[in-house]
Amino acid sequence: MPAEPLHTSGHPRMAILYEDNHLLGIEKPVNVPTQEDASGDPDLLSLLKEDIKERYDKPGNVYLGLVHRLDRPVGGAMIFAKTSKAASRLSEAVRSRKFDKSYMAVVRGIPGKQSGRLTDFLLKDERTNTVRVVPKGTPDSKEAILDYRVLGSSPQDNLSLVQITLLTGRSHQIRVQFSHIGCPLYGDQKYGSAVNKPGEQIALWSLYVGVPHPITKEPVDLISMPPRQYPWNLWEETIYKQTAENCTAGYNGNF
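Each step along the sequence shown adds one to the number in this note's numbering, with nothing skipped, and position 110 is 308.
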(Lines of atoms letter the chains of each structure in order from A and count residues from 1; the text may use other names and numbers.)
(Lines give C-alpha, C1' and ligand atoms only; values in the text may rest on other atoms or scores of the structure.)
Protein backbone atom coordinates (compact mmCIF):
# COMPACT_ATOMS: atom_id res chain seq x y z
CA MET A 1 0.00 0.00 0.00
CA PRO A 2 1.28 3.56 -0.54
CA ALA A 3 3.22 5.13 2.27
CA GLU A 4 1.31 7.60 4.40
CA PRO A 5 3.01 10.43 6.30
CA LEU A 6 3.74 9.87 9.95
CA HIS A 7 4.11 13.13 11.81
CA THR A 8 6.79 13.27 14.49
CA SER A 9 7.18 17.00 14.98
CA GLY A 10 10.74 18.24 14.96
CA HIS A 11 12.09 14.87 13.82
CA PRO A 12 12.83 13.21 10.45
CA ARG A 13 9.78 12.45 8.33
CA MET A 14 8.64 8.86 8.43
CA ALA A 15 5.92 7.02 6.55
CA ILE A 16 3.43 4.37 7.62
CA LEU A 17 3.54 1.38 5.27
CA TYR A 18 1.01 -0.76 7.19
CA GLU A 19 -0.95 -0.43 10.41
CA ASP A 20 -3.68 -2.29 12.28
CA ASN A 21 -4.35 -3.14 15.92
CA HIS A 22 -1.46 -5.61 16.02
CA LEU A 23 1.27 -4.31 13.71
CA LEU A 24 2.95 -1.09 12.65
CA GLY A 25 5.06 -1.05 9.50
CA ILE A 26 7.10 2.06 8.78
CA GLU A 27 9.83 3.45 6.55
CA LYS A 28 12.84 4.09 8.74
CA PRO A 29 14.74 7.29 7.96
CA VAL A 30 18.51 7.04 7.59
CA ASN A 31 20.77 8.05 10.48
CA VAL A 32 18.14 7.47 13.17
CA PRO A 33 19.04 4.76 15.73
CA THR A 34 16.49 1.97 15.97
CA GLN A 35 16.54 2.11 19.76
CA GLU A 36 18.14 4.26 22.43
CA ASP A 37 21.92 4.23 22.33
CA ALA A 38 24.89 6.02 23.87
CA SER A 39 24.50 8.99 21.51
CA GLY A 40 21.34 10.12 23.26
CA ASP A 41 19.86 11.07 19.88
CA PRO A 42 16.10 10.58 19.32
CA ASP A 43 15.54 6.91 18.50
CA LEU A 44 12.94 5.28 16.29
CA LEU A 45 11.26 3.17 18.98
CA SER A 46 10.71 6.18 21.27
CA LEU A 47 9.52 8.39 18.41
CA LEU A 48 6.97 5.80 17.30
CA LYS A 49 5.65 5.29 20.84
CA GLU A 50 5.26 9.04 21.17
CA ASP A 51 3.41 9.19 17.84
CA ILE A 52 1.01 6.36 18.78
CA LYS A 53 0.33 8.02 22.12
CA GLU A 54 -0.55 11.30 20.38
CA ARG A 55 -2.53 9.89 17.45
CA TYR A 56 -4.70 7.62 19.60
CA ASP A 57 -4.72 9.79 22.73
CA LYS A 58 -3.45 6.91 24.82
CA PRO A 59 -2.81 7.44 28.53
CA GLY A 60 0.24 5.95 30.24
CA ASN A 61 2.97 3.95 28.55
CA VAL A 62 2.53 2.70 24.98
CA TYR A 63 3.61 -0.84 24.12
CA LEU A 64 5.64 -1.32 20.94
CA GLY A 65 7.66 -4.48 20.43
CA LEU A 66 10.98 -4.39 18.56
CA VAL A 67 11.41 -7.67 16.66
CA HIS A 68 14.18 -6.75 14.20
CA ARG A 69 16.68 -3.94 13.75
CA LEU A 70 18.34 -1.81 11.11
CA ASP A 71 21.74 -0.20 11.62
CA ARG A 72 21.59 3.53 12.29
CA PRO A 73 22.71 4.64 8.78
CA VAL A 74 20.32 2.23 7.03
CA GLY A 75 16.80 3.17 5.91
CA GLY A 76 13.75 1.31 4.65
CA ALA A 77 10.98 -1.06 5.69
CA MET A 78 10.61 -2.12 9.33
CA ILE A 79 7.78 -3.76 11.24
CA PHE A 80 6.88 -3.44 14.92
CA ALA A 81 4.44 -5.29 17.16
CA LYS A 82 1.71 -3.28 18.89
CA THR A 83 0.82 -6.07 21.33
CA SER A 84 2.87 -8.57 23.32
CA LYS A 85 1.07 -11.47 21.60
CA ALA A 86 2.03 -10.07 18.18
CA ALA A 87 5.63 -9.59 19.37
CA SER A 88 5.84 -13.19 20.54
CA ARG A 89 4.48 -14.54 17.26
CA LEU A 90 6.71 -12.30 15.14
CA SER A 91 9.73 -13.42 17.15
CA GLU A 92 8.74 -17.03 16.48
CA ALA A 93 8.48 -16.20 12.76
CA VAL A 94 12.06 -14.89 12.93
CA ARG A 95 13.27 -18.08 14.63
CA SER A 96 11.46 -20.34 12.15
CA ARG A 97 12.67 -18.27 9.16
CA LYS A 98 9.17 -17.25 8.11
CA PHE A 99 10.18 -13.61 8.48
CA ASP A 100 11.44 -12.55 5.03
CA LYS A 101 13.79 -9.60 4.63
CA SER A 102 15.26 -8.42 1.35
CA TYR A 103 17.77 -5.61 1.02
CA MET A 104 19.24 -3.53 -1.76
CA ALA A 105 22.88 -2.50 -1.57
CA VAL A 106 25.34 -0.69 -3.80
CA VAL A 107 28.79 -2.24 -3.42
CA ARG A 108 32.23 -1.22 -4.59
CA GLY A 109 33.49 -3.37 -7.47
CA ILE A 110 31.77 -6.36 -9.03
CA PRO A 111 31.31 -9.61 -7.07
CA GLY A 112 33.06 -12.62 -8.62
CA LYS A 113 29.76 -14.44 -9.11
CA GLN A 114 26.47 -12.99 -10.35
CA SER A 115 24.62 -14.78 -7.55
CA GLY A 116 25.56 -16.94 -4.64
CA ARG A 117 25.48 -17.63 -0.94
CA LEU A 118 27.94 -16.17 1.57
CA THR A 119 28.53 -18.20 4.72
CA ASP A 120 30.91 -16.88 7.37
CA PHE A 121 31.44 -16.92 11.11
CA LEU A 122 31.32 -13.50 12.72
CA LEU A 123 32.66 -12.26 16.03
CA LYS A 124 31.50 -8.98 17.55
CA ASP A 125 33.71 -6.71 19.62
CA GLU A 126 31.25 -5.01 21.96
CA ARG A 127 33.86 -2.47 23.03
CA THR A 128 34.36 -1.06 19.54
CA ASN A 129 30.96 -2.12 18.11
CA THR A 130 32.69 -3.80 15.17
CA VAL A 131 32.34 -7.26 13.69
CA ARG A 132 34.90 -9.40 11.86
CA VAL A 133 35.02 -12.71 10.02
CA VAL A 134 36.76 -15.43 12.04
CA PRO A 135 37.49 -19.15 11.54
CA LYS A 136 34.72 -21.63 12.29
CA GLY A 137 34.85 -22.76 15.89
CA THR A 138 36.10 -19.42 17.25
CA PRO A 139 34.57 -18.98 20.74
CA ASP A 140 31.49 -16.72 20.78
CA SER A 141 31.37 -16.53 16.98
CA LYS A 142 28.03 -16.88 15.17
CA GLU A 143 27.28 -18.29 11.73
CA ALA A 144 26.12 -15.71 9.19
CA ILE A 145 24.39 -16.69 5.94
CA LEU A 146 23.01 -14.55 3.13
CA ASP A 147 22.02 -15.02 -0.51
CA TYR A 148 22.70 -12.36 -3.10
CA ARG A 149 22.34 -11.59 -6.77
CA VAL A 150 23.83 -8.80 -8.84
CA LEU A 151 21.07 -6.76 -10.55
CA GLY A 152 23.32 -4.39 -12.44
CA SER A 153 26.76 -2.82 -12.64
CA SER A 154 28.16 0.60 -13.49
CA PRO A 155 31.72 -0.02 -14.71
CA GLN A 156 32.55 3.69 -14.97
CA ASP A 157 31.65 4.13 -11.29
CA ASN A 158 33.01 0.68 -10.32
CA LEU A 159 29.73 0.01 -8.50
CA SER A 160 27.23 -2.86 -8.50
CA LEU A 161 23.60 -3.06 -7.41
CA VAL A 162 22.93 -6.16 -5.34
CA GLN A 163 19.79 -7.74 -3.88
CA ILE A 164 20.40 -9.51 -0.58
CA THR A 165 18.26 -11.94 1.37
CA LEU A 166 19.31 -12.63 4.94
CA LEU A 167 19.05 -16.16 6.26
CA THR A 168 20.48 -15.09 9.62
CA GLY A 169 20.29 -11.74 11.36
CA ARG A 170 23.73 -10.92 12.72
CA SER A 171 24.99 -7.49 13.68
CA HIS A 172 26.49 -5.63 10.66
CA GLN A 173 26.21 -8.91 8.73
CA ILE A 174 25.74 -7.55 5.19
CA ARG A 175 28.41 -4.90 5.61
CA VAL A 176 31.01 -7.30 7.00
CA GLN A 177 30.38 -10.17 4.60
CA PHE A 178 30.59 -8.01 1.48
CA SER A 179 33.68 -6.24 2.76
CA HIS A 180 35.21 -9.68 3.33
CA ILE A 181 34.83 -10.60 -0.37
CA GLY A 182 36.40 -7.31 -1.44
CA CYS A 183 33.16 -5.47 -2.24
CA PRO A 184 32.45 -3.11 0.67
CA LEU A 185 29.23 -1.15 0.57
CA TYR A 186 29.27 2.31 -0.95
CA GLY A 187 29.61 4.90 1.82
CA ASP A 188 30.43 2.41 4.59
CA GLN A 189 33.08 4.11 6.69
CA LYS A 190 33.35 1.30 9.21
CA TYR A 191 34.07 -1.61 6.87
CA GLY A 192 35.19 0.18 3.71
CA SER A 193 37.17 3.23 4.82
CA ALA A 194 39.92 2.54 2.26
CA VAL A 195 37.55 3.17 -0.68
CA ASN A 196 34.82 5.37 0.80
CA LYS A 197 34.97 9.07 1.62
CA PRO A 198 33.66 10.73 4.79
CA GLY A 199 30.20 12.15 4.22
CA GLU A 200 29.03 9.46 1.80
CA GLN A 201 25.73 7.91 2.91
CA ILE A 202 25.89 4.14 3.17
CA ALA A 203 23.95 2.54 0.30
CA LEU A 204 22.02 -0.18 2.12
CA TRP A 205 18.22 -0.21 2.10
CA SER A 206 15.53 -2.47 3.53
CA LEU A 207 13.45 -3.00 0.38
CA TYR A 208 11.04 -5.65 1.62
CA VAL A 209 9.76 -7.20 4.84
CA GLY A 210 7.26 -10.05 4.64
CA VAL A 211 5.69 -11.97 7.49
CA PRO A 212 2.49 -13.92 8.24
CA HIS A 213 0.10 -11.72 10.20
CA PRO A 214 0.34 -12.82 13.86
CA ILE A 215 -3.45 -13.16 14.17
CA THR A 216 -4.98 -13.72 10.71
CA LYS A 217 -1.92 -15.54 9.24
CA GLU A 218 -2.46 -13.59 6.00
CA PRO A 219 0.75 -12.34 4.37
CA VAL A 220 1.84 -8.83 5.30
CA ASP A 221 4.19 -7.28 2.71
CA LEU A 222 6.06 -4.03 3.33
CA ILE A 223 7.91 -2.33 0.47
CA SER A 224 10.14 0.72 0.69
CA MET A 225 12.01 2.15 -2.30
CA PRO A 226 15.51 3.63 -1.99
CA PRO A 227 15.76 7.39 -2.61
CA ARG A 228 16.27 8.53 -6.20
CA GLN A 229 19.72 9.95 -5.55
CA TYR A 230 23.29 8.86 -6.19
CA PRO A 231 24.27 6.03 -6.23
CA TRP A 232 20.75 4.51 -6.30
CA ASN A 233 19.79 6.53 -9.38
CA LEU A 234 22.47 4.83 -11.49
CA TRP A 235 19.77 2.21 -12.14
CA GLU A 236 16.22 2.58 -13.43
CA GLU A 237 13.45 2.65 -10.85
CA THR A 238 11.79 -0.27 -12.65
CA ILE A 239 14.58 -2.56 -11.39
CA TYR A 240 13.65 -1.80 -7.78
CA LYS A 241 9.93 -2.14 -8.42
CA GLN A 242 10.30 -5.47 -10.22
CA THR A 243 12.52 -6.83 -7.45
CA ALA A 244 9.95 -5.82 -4.84
CA GLU A 245 7.15 -7.45 -6.86
CA ASN A 246 9.18 -10.66 -7.04
CA CYS A 247 9.51 -10.61 -3.26
CA THR A 248 5.77 -10.31 -2.72
CA ALA A 249 5.19 -13.10 -5.27
CA GLY A 250 7.32 -15.47 -3.23
CA TYR A 251 10.51 -15.38 -5.27
CA ASN A 252 12.44 -13.74 -2.45
CA GLY A 253 15.73 -15.54 -2.00
CA ASN A 254 15.18 -18.05 -4.81
CA PHE A 255 18.22 -16.94 -6.78
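We treat Cβ as the ideally placed atom computed from N, Cα and C, and that holds for glycine.
These numbers were taken from a predicted model, which means no experiment stands behind them.
query	result
Taking LEU364 as the reference, which of ARG315, VAL272, THR281 and TYR254 has the closest Cα?	ARG315
Using the Cβ count rule (16 or more neighbours within 10 Å means buried), how would you classify ASP249?	buried
Closest to TYR301 by CA distance: which of MET212, ILE224, SER294 and GLY273 is it?	GLY273
I'd like to know whether the C-beta atoms of ASN373 and LYS395 end up nearer to each other than 8 Å.	For the sequence presented, residue 373 should be read as Arg rather than Asn. Against a cut-off of 8 Å, the Cβ pair of LYS395 and ARG373 comes out as no contact.
To the nearest angstrom, how far is the alpha carbon of ARG295 from that of ASN356?	34 Å
Would you identify the three-state DSSP class for TYR261, choosing helix, strand or coil?	coil
Output the distance between the C-alpha atoms of ARG325 and GLY448, rounded to the nearest integer angstrom.	40 Å
Please decide whether ILE421 counts as near chain D, where near means a Cβ-Cβ distance under 8 Å.	Any reference to chain D falls outside this structure, which holds one protein chain only.
If we ignore side chains and look at the alpha-carbon of each, how far apart do ALA285 and LEU262 end up?	8 Å
Using only CA atoms, which one of GLY307, ASN219, ASN327 and THR317 lies nearest to ASP235?	ASN327
Let me know the secondary structure DSSP gives VAL292 once reduced to three states.	helix
Under 8 Å: do the stretch 417-428 and the stretch 211-225 share three or more Cβ pairs, one atom per stretch?	yes
Less than 8 Å between the C-beta atoms of ASP298 and VAL393, yes or no?	no
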